[in-house]
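Below you'll find the structure, written out as structure tokens, and then a few comments.
Residue numbers (our numbering): 323 to 504.
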């Protein structure tokens with residue numbers, strides 16, 4: 323007789339525990355992610371808890387946005403440049419052609435208030451489409467012009483006080499004397 327009493331009690335406790343478990347699971351709690359936005363997605367892929375019909379919650383935070391920006395080269399459509407001042411991520415895609423044309427397009431994109439562009443370098447060819455990402459505009463420009471040289475002189479990119487951009491070789495005395503380098 324004691325066996326049936328204990329078995330019946332265990333079943334009653336088990337039934338009460340599972341019904342209160344469903345109440346606990348149905349309560350929504352908010353997290354404390356930095357800059358998080360909760361997006362409710364109604365999906366057939368719900369948790370496997372019986373009698374629960376909770377939608378999925380996807381949290382979008384700053385880290386996921388930064389990862390999207392870092393994968394911009396693979397995910398981009400027809401954009402040639404990326405400027406995101408909030409996350410300090412910048413990007414540019416070179417095209418086949420001359421280095422001068424690519425840098426002119428880059429200057430127009432990165433510095434829209436620029437007054438012009440002067441190129442004091444020899445003609446250099448860009449042989450392929452390359453996507454460059456950097457933490458600053460200067461870093462992107464440097465990565466693009468870095469491989470190009472003339473008689474062991476590297477290329478420098480800078481601008482005049484009146485926001486005219488210029489590209490010249492390192493040992494160019496005329497430009498180096500009165501130019502601030504970006």
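Even for Gly, the Cβ is constructed at its ideal location relative to N, Cα and C.
- Counting other Cβ atoms within 10 Å of its Cβ, residue 443 reaches 16 or more and is therefore classed as buried.
- If you draw a 10 Å sphere on the C-beta of residue 484, you find fewer than 16 other C-beta atoms in it, and that means exposed.
- Between the beta-carbon of residue 424 and that of residue 478 there is about 16 Å, and that puts the pair past the 8 Å contact cut.
- In the DSSP assignment, no residue is bridged to residue 429.
- The Cβ-Cβ distance between residue 437 and residue 405 does not fall below 8 Å.
- For residue 449, no alpha helix (DSSP H) segment is defined, and its DSSP state is neither H nor E.
- For residue 481, the uninterrupted beta strand (DSSP E) segment begins and ends at 475 to 481.
- Straight across, the Cα-Cα distance linking residue 433 with residue 391 is about 20 Å.
- In the pairwise beta carbon analysis, the stretch 487 to 497 is classified as not touching the stretch 445 to 460: fewer than three pairs are separated by under 8 Å.
- In terms of CA proximity to residue 398, 454 leads the group 441, 430, 409 and 454.
- Residue pairing by DSSP places residue 486 opposite 438 in a beta bridge.
- A direct Cα-Cα distance of roughly 26 Å separates residue 414 from residue 497.
- Across the structure, residue 461 and residue 410 are spaced so that their CA atoms are roughly 11 Å apart.
- At the C-beta level, residue 458 and residue 403 stay beyond 8 Å of one another.
- By the beta-carbon neighbour count (other beta carbons within 10 angstroms, threshold 16), residue 481 is buried.
- The beta carbons of residue 463 and residue 428 sit closer together than 8 Å.
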